[in-house]
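All remarks here apply to the structure that follows.
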Amino acid sequence: MVSQTESIKSVDTKNRIFHAAAKLFANYGFERVSIRQICQAVGVQKPTLYYYFKDKETLILEMLHFAHKLVVEYRNRYIEPHEDFLDKMWGLLQGRKHFVENNPHFFRFYAMIHLFSTPEKVKQEMLRQMLPLLDDFKNLLLLGKQQGYIAAEEDTEIIMQTILGILNQLSIRKFVFQDEQAFSEENLQRVFNFWKKHLFLNRDK
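All letters in the sequence shown, in the order written, are residues 726 to 930 by my numbering.
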């Protein structure tokens, strides 16, 4: 029987492997990173890594599951508790900020994995995870229509692409241009004000 201490140690080892691999994959791509490099980054021997993951494909699949779990956790923490659409949208900005700050390597991995040359099984798993998240976003914008923040005739698909484009641009500023102000509270407020002025309706008018 596995003791609680051993179980915690096992989870910690897997998490360290995940984060080290995420950093390497984000920096160099899936094909260029070897199991040996991951082991060196974590400080474990190959048998330890193979104890948890039978090969690199299995590792990246489990990393996808872990990253998706993080995305859902941040959504549930920052968006779901709110009833009002605008509060949810502010929560979306805050959730992205804290996800990026607390899990920088995993965020880069999750954001860039679609650019990697990966096995077909990995590509299919990415689609399986991403499509429901996009559906959730569409439903969030439909809530905006129901609450009167988005005009009934507006194209929610275009609004979604606009919002995601802005969020992705903030991430590019953060990771490519090393702009530490990208996710500052002041800048997030500017983005939120832009959304309210140009994408959403003022219900008080």
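Built from N, CA and C at the ideal position, the CB exists for glycine as well.
For the stretch 781–838, the continuous alpha helix (DSSP H) assignments of 4+ residues that do not extend past its boundaries occur at 781–803, 810–827 and 829–837, in sequence order.
Scanning its chain for C-beta atoms nearer than 6 Å, with the 5 sequence neighbours on each side dropped, one finds around F834 the residues A747, F750 and A751, in chain order. By a beta-carbon distance limit of 8 Å, Q854 contacts L789. Their separation comes to about 6 Å. In chain order, F841 place their CB closer than 6 Å to the CB of G754, counting only its own chain and leaving out the 5 sequence neighbours on each side.
With 16 or more neighbouring CB atoms inside 10 Å of its own CB, L774 falls in the buried class. Collapsing the DSSP output to three states places F925 in coil. Under the Cβ criterion (8 Å, minimum of three pairs), the stretch 860–880 does not count as touching the stretch 904–916.
Per the Cβ contact rule, the stretch 804–816 is not in contact with the stretch 762–772 (fewer than 3 Cβ pairs under 8 Å). In this structure, L786 places its C-beta atom within 9 Å of the C-beta atom of E850. Bounds of any alpha helix (DSSP H) do not take in A907, whose DSSP letter is neither H nor E.
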